[in-house]
Structures are given as structure tokens and as C-alpha cells.
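Each remark here refers to the structure printed beneath this line.
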Amino acid sequence: MAGKARPMSQIKQLLRLHQQQSGIKTIARELGISKNTVKSYLAKLSQINWSVQELLLLDDPVLESRFHAGNPAYKDPRYDHMAGKLDYFAEQLKLTGVTRLLLWEEYIAAYPEGYSYSQFCFHLTQQLVARRPTMVLSHEPADKLFIDFAGKQLSFTDRDTGAQISCQVFVACLPFSDYAFAMAVPSQRLE
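Our numbering puts the first residue of the sequence shown at 20, with every later residue one more than the last.
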């Protein structure tokens, strides 16, 4: 822990793996961190008088204050104002056509003393990462093939007739090698 502090999503994964009785080597390998880093966080965990389950329920800034000295950004009044709107911003980003820049412009219009665009994006990204934990998945060669139709329906112009022709994008991926294949098809039907 003498180096840079780990993201709280990674600390939560460490806590979950420890709760599942995983060993230090296993935790280090799964999270891609050193065994000494795992040991230092587990030592810190033994000093905290909270159960792992209670710690996992905490918001990231509160959890960070338990394991680190604390990030001064979370004590800033600008963060207090923005923290109440982070869930709203995260939901708005799911809508078509909504960008971080549009959300920041809306935020800065309502709160002119607010964060710059880069800090706004940083805190929004931290919120999105905290809400969507990830885990490393191991794949065997030639074991699986993922297939799906991607995104919205597209269209192209026929050069001969000038007509707009609708199509959908078929995507396939081999997860072990990350080889991908994409092809425009008329529809999702087997015709």
C-alpha cells in the first residue's frame, strides 16, 4: 500500500474473495496485484472492527476512509453538491444522445462554482465503476462463441437504385482470442 492506492472496486473484490476463503496467492492472481498488497489490505482489515459484509455495503468514499487517510476531494463542498446528482447523471448517460459534455454543461449551469469538465468526468467514472463491478473471466480455447446483433438498425444506399436499405449487424466473438467477426445482414431471420 506504500504505492498508489487501489480503486475501491478492486478493494471490494478483494474483500469478497477473502470472505469466500480464497488464499492470498489466489486473490493476488485474480486481481492482478502483488501478494504484499493483498497482505497489507488484509492486515488493515484485521484492525478495522467491522465485518466484511458491513464494509461491502459502504459507499466508496466511506470505504476509502476506512482503508486510507481519505481523499481530500470527498471533503470538498463541490463534491457534496455533485454527489447528490451522480445517480441522476449515471441514469441520463444510458439515454441515446446524452454525453458527458451535455451533462457537465447542465451541471455547471446549475452550479457555476462546480468542477471542471475533467474532474466532473473523473467523479462520474468513479461512480459508474462502483456501480458495475467486474471480474476477470478465464476462457478455454475453442470452448465458447459469443454471438449477438449489435446496436440499432443501420441502413445503406443501394448505388443502382438509390434506395435506403435497412440492415442489422451480426457480431460473433471468440472470447479466448478476442477474434471478432461482424457482418451486415438484412434481418435477424434465418432466411
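Ideal placement from N, C-alpha and C gives every residue a C-beta, glycine not left out. These numbers come from a predicted model, not from an experiment.
Per DSSP, the bridge partner or partners of residue i
i      : result
Thr115 : None, per the DSSP bridge assignment.
Cys120 : Per the sequence presented here, residue 120 reads as Leu, with Cys not at that position. Per DSSP, none; premise fails for Leu120.
Phe189 : Phe168 and Met202
Glu176 : A quick correction: the sequence has Thr, not Glu, at residue 176. For Thr176, which the question treats as bridged, DSSP gives the partners Gln183.
C-alpha gap between residue i and residue j, whole angstroms
i      : j      : result
Met202 : Ile184 : 15 Å
Phe195 : Gly103 : 40 Å
Leu156 : Asp179 : 47 Å
Lys27  : Lys163 : Position check: residue 27 holds Met in this sequence, whereas Lys was assumed. Distance between the alpha carbons of Met27 and Lys163 is about 31 Å.
Ala161 : Gln138 : 43 Å
Ala21  : Leu120 : With a pLDDT of 49 at Ala21, under the threshold of 50, the modelled position of this residue cannot be trusted; read the value that follows with caution. If I take the Cα positions, the gap works out to 35 Å.
Glu125 : Asp95  : 20 Å
Thr56  : Ile67  : 17 Å
Gly181 : Leu114 : 32 Å
Ala129 : Met101 : 11 Å
Arg151 : Tyr107 : 16 Å
Leu64  : Lys31  : 12 Å
Ser206 : Ile52  : 45 Å
Asp197 : Val190 : 12 Å
Asp99  : Asp177 : 54 Å
Val117 : Leu105 : 15 Å
Phe200 : Met154 : 24 Å
Gln111 : Glu83  : 26 Å
Ile127 : Cys140 : 13 Å
Pro80  : Phe175 : 48 Å
Pair within 8 Å by beta-carbon distance, residue i and residue j
i      : j      : result
Cys186 : Val204 : yes
Leu61  : Gln29  : no
Ala24  : His87  : yes
Leu34  : Leu75  : yes
Glu132 : Arg97  : yes
Lys58  : Lys44  : no
Leu209 : Val188 : no
Cβ distance (whole Å) where residue i is taken to contact residue j below 8 Å
i      : j      : result
His142 : Tyr134 : 7 Å
Q. Is the number of C-beta pairs between the segment 160-168 and the segment 133-152 that are closer than 8 Å three or more?
A. no
Q. Counting pairs of Cβ atoms below 8 Å between the segment 64-74 and the segment 33-46, do you hit three or more?
A. yes
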